[in-house]
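**Q** Chains as they are written, first to last, in the numbering used here: chain A, 90 to 329; chain B, 4 to 647.
So that we are looking at the same thing, I have put the structure below in structure tokens.
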């Protein structure tokens, strides 16, 4: 049989593009968390100090404000949000428990070196209801980490410090023989609930936050965080 | 904070192996790295009490039993110090010990020597060395004044200053604004809680010292070292909170160390304490269990808490070194740390709240469409040096180039294009969704830019991405996703060679055009076409399903000759209006475009689709519609149809 000549013509490949790898990971995480029952909440990136710090139990004199190293705007009356937690504040102020939201988005800290960028992405989750405790938080974190890194992933919970949660924990996942920090979490500090007009005697909450760049670097084995933001086509083409 | 394993063991009754100790420190929340015998501790900012051997030993007490190091128990005469504490609210507790020794020792006891050798720390002078070691051992900073320099009115005060100050390290700084300082006759001699001054510093010959040991309110010290660019271990500790009742005990330990090394000729003690009451926290074992999700008895909980120094009573009394504990949840964390977070069994969490049904997202649909068209999404940071009319300045920018928040996305996109053009990328299709911020408020924007070759294949390699390509993408977004036909208006815009504004339903959303090459930092001459739209109020409508016809469709093609390019828009509008206004004419589109400038030929081919829901259309019915369309178009000046 003679081959039809059509098959010898060069095919007209048409390249498809891609979403940014950070947004891909953000979407995957959002999809995962909404599948657990969380709704998505969003808020402004230029925030008041009240929502970014005060209501989250980070008073002006607290050393934690140094940790954040904040960008101030509008004659220091506002900040570029240092975490997506103000979205949770807004949610708590505008709705009644039970509350289950995740807030993905950009956050800003005054850092710029090989491992820190002035802008990066977080996804944070909040669940407020009656009788929520640390053991529930562990269950949720196991589900998240096992979904991200496989059922066999080994986790380590370490006590940590976040002014807005108490008890607070950081969670490490074992990669090879190295523990890598993946997320921060904790039981919502009753002071935060009260600041957001939620009766801390009746309700309790749990909260967690993940750095999206961190997850993306692990997932794609990106060594330098700055590669995400050079807009180099050769880099972006690898995330189709 | 670096500590040495064997140094920590000297404060523990039991002697765990390094690995076991390391694991337990992790369990308690004290992250660290190990280099030989040195543990580089990363203590969380709320645990200033753990910034020392003693502090860590206290935290390990439940497991390994902390032990007290010897301190002088001798009866100390009162020091007749004329000290004027004008800042009692900022320094409620302060003690001084005056010590005179016979001679400065020529060598140190092994425990003191080991501090310097094991950690590679340089020695200074006898008293300062003890002070530094004691901060490492106890967590409490002390400051040594050479007693011979303390002459005049000695005070602690917060005062407005604008004066040069030479630190004991020899660095000269300028003190400005309000500072808490020790003064001699109104001149600052020490930046309280941060660093002493050269004028009153001890030297290798000092044999009579005035040791100051105080509790400063953390908020008073916070940020001071950074303000003056000083590296201060004392400030680091005071900022995080120290034991507010430890002053005499620490000075007695200071005296003990001095006595271990040389003969003390005289010693006396001065102290004032106005902050003495220990904090109390309401305690309820059941509530504590409820926070954690455990079922421990009160006895078990108290076993952990008392080992940490808490005293049970009607409420739980908090030890003076634990300024971070002020509520039940803090106690819950203490118990949980002792049990080990990893040892708390999980409890199944099922969220009772149903996720709200998400509407189809404009960004998701447009993003997917653009990706399918070969576009790549970029993310840019919001910082720029462009001082637009409505730009918001960053009060504390990283640098001058990033001192403003961007008021549009296009400048970032220009940078992205230049980066890639300068690296010989010849087919660039970028888009970005982002917020922009102006003094008038924030907006959500979509930016889209194309430049270079259409595609890398035999048919499209030599075709260039052009304005029509961009406009086609934008038209499809509007008409296929938003189900609204855009309208355009030619206008001027800075940074563009030409620019058309875009409106949907009469509302101007932005526009598109050809970017002026001189605004792109690239030597490549390939044109760049770009679009930026405000997308805040753009909602994707739900699809409204209309009945489909099972009857055959008929097609007619018509080629129009146009006198000028601007007739393309006129004719397109006329055809679109006709299509929208007739149920039988279900679709029309341009299938051919031909231009020969030399021969002055301009042709536009339209295809028309006719179909009825309930019957097969006759030629007469179709001709009637076509005739009307032809006559309407021929009525327009500059439009003709060959053969008619």
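Cβ coordinates follow ideal geometry from the N, Cα and C atoms, glycine included.
(1) Indicate whether residue 435(B) and residue 450(B) have their beta-carbon atoms separated by less than 8 Å.
(2) Do you know offhand how far residue 320(A)'s Cα is from residue 167(A)'s?
(3) At 8 Å on the CB atoms, spell out the chain B contacts of residue 111(A), in chain order.
(4) Buried or exposed, going by whether 16 or more other CB atoms sit within 10 Å of the CB of residue 432(B)?
(5) Counting Cβ pairs closer than 8 Å, one from the segment 229-240 of chain B and one from the segment 108-117 of chain B, do we hit at least three?
(6) Count the other CB atoms, across all protein chains shown, that sit within 10 Å of the CB of residue 618(B); report buried if there are 16 or more and exposed otherwise.
(7) With a 10 Å radius around its C-beta and 16 neighbouring C-beta atoms as the bar for buried, classify residue 600(B) as buried or exposed.
(8) In three-state terms, what does DSSP make of residue 117(A)?
(9) Would you call the segment 602-613 of chain B in contact with the segment 565-577 of chain B, where contact means no fewer than 3 C-beta pairs closer than 8 Å?
(10) Between residue 94(B) and residue 28(B), is the Cβ-Cβ spacing less than 8 Å?
(11) Below 8 Å on the Cβ atoms is my guess for residue 319(B) versus residue 284(B); work out the distance and round it to an integer in Å.
(12) When you compare the segment 183-203 of chain B with the segment 121-128 of chain B, are there three or more beta-carbon pairs, one atom per stretch, that lie closer than 8 Å?
(13) For residue 216(B), does the three-state DSSP call read helix, strand or coil?
(14) Leaving out the 5 sequence neighbours to the left and right, which residues in its chain are closer than 7 Å to residue 213(B) when beta-carbon positions are compared?
(15) Using the beta-carbon count (16 or more within 10 Å), is residue 558(B) buried or exposed?
(16) Between residue 231(A) and residue 300(A), what straight-line distance do the alpha-carbon atoms span, to the nearest angstrom?
(17) When you compare the CB of residue 635(B) with every CB in chain D, is at least one pair closer than 8 Å?
(18) Given this structure, state the Cα-to-Cα distance separating residue 437(B) from residue 528(B), to the nearest angstrom.
(19) So what's residue 407(B) in DSSP terms, helix, strand or just coil?
(20) Applying a beta-carbon distance threshold of less than 7 Å, which residues of chain A neighbour residue 462(B)?
(21) Quick check: residue 135(B) and residue 162(B), are their CB atoms within less than 8 Å of each other?
(22) Name the chain B residues whose beta carbon is nearer than 8 Å to that of residue 150(A)?
(23) Give me the subset of the segment 277-288 of chain A whose CB atoms are less than 8 Å from a CB atom of chain B, sorted by chain position.
(24) Thinking just about the alpha-carbon of each residue, which of 177(A), 101(A), 137(A) is nearest to the one in residue 254(A)?
(25) Can you give me the C-alpha to C-alpha distance between residue 505(B) and residue 598(B), rounded to a whole angstrom?
(26) Under 8 Å, Cβ to Cβ, is there at least one residue of chain A near residue 336(B)?
(27) Figure out for me which residue from 26(B), 218(B), 328(B) has the closest Cα to the Cα of residue 312(B).
(28) Hey, would you say residue 335(B) sits closer than 8 Å to residue 295(B), going by beta carbons?
(29) Would you mind giving the Cβ-Cβ distance between residue 190(A) and residue 127(A), rounded to the nearest angstrom? I have them listed as a contact below 8 Å.
(30) Could you please give me the residues that DSSP links to residue 145(B) through a beta bridge?
(31) How big is the Cα-Cα spacing for residue 89(B) and residue 259(A)?
(32) Please name the residue in 477(B), 14(B), 473(B), 40(B) whose C-alpha comes closest to that of residue 22(B).
(33) What does the alpha-carbon distance come out to for the pair residue 237(A) and residue 306(B)?
(34) Quick one: which chain A residues come within Cβ less than 7 Å of residue 339(B)?
(35) Around the Cβ of residue 510(B), are there at least 16 other Cβ atoms within 10 angstroms (buried) or fewer (exposed)?
**A** So, to answer that:
(1) For residue 435(B) and residue 450(B), yes; Cβs fall inside 8 Å.
(2) Approximately 29 Å, taken between the alpha carbons.
(3) Here the neighbours are 382.
(4) Residue 432(B) should be labelled buried.
(5) No: fewer than three Cβ pairs fall under 8 Å.
(6) Exposed: under 16 other Cβ atoms inside 10 Å.
(7) Under this definition residue 600(B) is an exposed residue.
(8) Taken through DSSP and simplified to helix, strand or coil, residue 117(A) comes out as helix.
(9) Counting Cβ pairs under 8 Å, three or more are found: they touch.
(10) No, the Cβ-Cβ distance between residue 94(B) and residue 28(B) is not below 8 Å.
(11) The Cβ separation is near 5 Å, so the contact holds.
(12) Here the segment 183-203 of chain B makes no contact with the segment 121-128 of chain B; the two share fewer than three CB pairs at distances below 8 Å.
(13) Under the three-state reduction of DSSP, residue 216(B) is assigned to strand.
(14) Correct list, in chain order: 99, 101, 148, 150, 153.
(15) By the neighbour-count criterion, in which a residue is buried when 16 or more other Cβ atoms sit within 10 angstroms of its Cβ, residue 558(B) is exposed.
(16) Taking the Cα positions, residue 231(A) is about 17 Å away from residue 300(A).
(17) This model lacks chain D altogether, as its protein chains are A and B.
(18) Rounded to the nearest angstrom, the two C-alpha atoms are 28 Å apart.
(19) In this structure, residue 407(B) counts as strand in the three-state DSSP scheme.
(20) Here the neighbours are 101.
(21) Cβ atoms of residue 135(B) and residue 162(B): not closer than 8 Å.
(22) For residue 150(A), the residues of chain B that pass the 8 Å Cβ criterion are 221, 222, 225, in the order they occur in the chain.
(23) Answer in chain order: 278, 279, 280.
(24) Closest by C-alpha distance to residue 254(A), out of 177(A), 101(A), 137(A), is 177(A).
(25) Between the alpha carbons of residue 505(B) and residue 598(B) lies a distance of about 26 Å.
(26) Using a Cβ-Cβ cut-off of 8 Å, residue 336(B) counts as an interface residue toward chain A, since at least one Cβ of chain A sits closer than that to its own.
(27) Ranking 26(B), 218(B), 328(B) by Cα distance to residue 312(B) puts 328(B) first.
(28) Going by C-beta atoms, residue 335(B) is nearer than 8 Å to residue 295(B).
(29) The C-beta distance from residue 190(A) to residue 127(A) rounds to 6 Å, short enough to fall under 8 Å.
(30) As a beta-bridge residue in DSSP terms, residue 145(B) pairs with 216(B).
(31) Rounded to the nearest angstrom, the two C-alpha atoms are 43 Å apart.
(32) Closest in C-alpha terms to residue 22(B), from the list 477(B), 14(B), 473(B), 40(B), comes 40(B).
(33) Roughly 38 Å separates the two Cα atoms.
(34) For a Cβ distance threshold of 7 Å, residue set 223, 256 of chain A lies close to residue 339(B), ordered along the chain.
(35) With a threshold of 16 other beta carbon atoms within 10 Å, residue 510(B) falls short and is exposed.
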